[in-house]
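Trainee: The following block contains the structure, expressed as structure tokens.
In mature numbering (1 follows the signal peptide of the UniProt record, and there is no 0), the protein residues as written are -18 to -1, 1 to 149.
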């Protein structure tokens, strides 16, 4: 038994003591930030991590943006198939606002966190088809359509749930 304690101390405790390193798993900055931000949860799938807040109330696009900023974040961005699937698989609602709009320039949808342009050929994005009389689509939501969650343009005044993200 004494030999076991000596071996344990020599191989496990002493290296930690000498190097100052802990055997605890280190958490990322995002994980730490997510843990200390009320209402947010960390979602992880494959190589994608997002710290997400699912709204429990419905708001217009503009009010959803304001609420996300008040929580220290922004409306969620979904640039890759993996990010899209992460949100779709964990979705709490059939439709929610995400952080993309065309309010600056009609026909050019941009992501809020870095103002990059969403591409029309993106498989996730269903570009709007405008009637001559209806030119009011300007905000984007993720919605269940034909058994799949899609990114769809919609009116900004619609009052629906939204998804916030912090980085």
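Backbone N, C-alpha and C fix where the C-beta goes; we use that ideal spot for every residue, glycine too.
Please classify residue -10: is it buried, with 16 or more other beta-carbons within 10 angstroms of its beta-carbon, or exposed?
Mentor: Locating residue -10 in the chain shown gives position 9, counting from the first residue. The predicted model places residue -10 with a pLDDT of 47, which falls under 50 and marks its position as unreliable; any figure quoted below should be read in that light. Exposed, because fewer than 16 other Cβ atoms sit within 10 Å of the Cβ of residue -10.
Trainee: Per the contact definition of three or more C-beta pairs closer than 8 angstroms, is the segment 128 to 139 in contact with the segment 14 to 33?
Mentor: Not touching, per the Cβ criterion.
Trainee: For the segment 31 to 87, list the alpha helix (DSSP H) runs that are entirely contained and at least 4 residues long, ordered along the chain.
Mentor: You should have 43 to 52, 63 to 72.
Trainee: Assuming residue 137 and residue 41 make a contact with CB atoms under 8 angstroms, what is their CB distance in whole Å?
Mentor: The sequence position of residue 137 within the chain shown is 155, counting from 1. The sequence position of residue 41 within the chain shown is 59, counting from 1. Not a contact, Cβ separation roughly 13 angstroms.
Trainee: State whether the segment 83 to 95 contacts the segment 52 to 61, with contact taken as three or more CB pairs (one from each stretch) at a distance under 8 angstroms.
Mentor: Because the criterion of three Cβ pairs below 8 angstroms is met, the segment 83 to 95 and the segment 52 to 61 touch.
Trainee: According to the Cβ coordinates, are residue 122 and residue 135 closer than 8 angstroms?
Mentor: For the purposes of this step, residue 122 is taken as residue 140 along the chain shown, with counting starting at 1. For the purposes of this step, residue 135 is taken as residue 153 along the chain shown, with counting starting at 1. The answer is yes: Cβ separation under 8 angstroms.
Trainee: Have a look at 148, 139, 132, 143 and flag the residue whose alpha-carbon is nearest the alpha-carbon of residue 62.
Mentor: Looking up residue 62 in the chain shown gives position 80. The shortest Cα separation from residue 62 among 148, 139, 132, 143 belongs to 132.
Trainee: Just to confirm before moving on: does the CB-CB distance between residue 33 and residue 43 stay below 8 angstroms?
Mentor: Here the question's residue 33 lines up with position 51 in the chain shown. Here the question's residue 43 lines up with position 61 in the chain shown. Not in contact: residue 33 and residue 43 (Cβ atoms no closer than 8 angstroms).
Trainee: For residue 20, which option in 97, 75, 53, 78 has the closest C-alpha, if you only look at C-alpha atoms?
Mentor: Position 38 of the chain shown, counting from 1, holds the residue named residue 20. Of 97, 75, 53, 78, the residue nearest in Cα terms is 53.
Trainee: Residue range of the alpha helix (DSSP H) that residue 16 falls in?
Mentor: Residue mapping note: residue 16 aligns to position 34 of the chain shown, counting from 1. 11 to 17 is the extent of the alpha helix (DSSP H) around residue 16.
Trainee: Going by alpha carbons, who is nearest to residue 93 out of 45, 30, 18, 147?
Mentor: Translated into the one-based positions of the chain shown, residue 93 becomes position 111. Closest by alpha carbon: 147.
Trainee: Thinking C-alpha only, which one of 73, 149, 120, 124 is nearest residue 96?
Mentor: Along the chain shown, read from residue 1 onward, the residue named residue 96 stands at position 114. The residue with the shortest Cα to Cα distance from residue 96 is 149.
Trainee: Could you spell out the range, first to last residue, of the beta strand (DSSP E) harbouring residue 135?
Mentor: As a working note, residue 135 is residue 153 in the chain shown. Looking at the DSSP string, the run of the beta strand (DSSP E) that includes residue 135 is 130 to 136.
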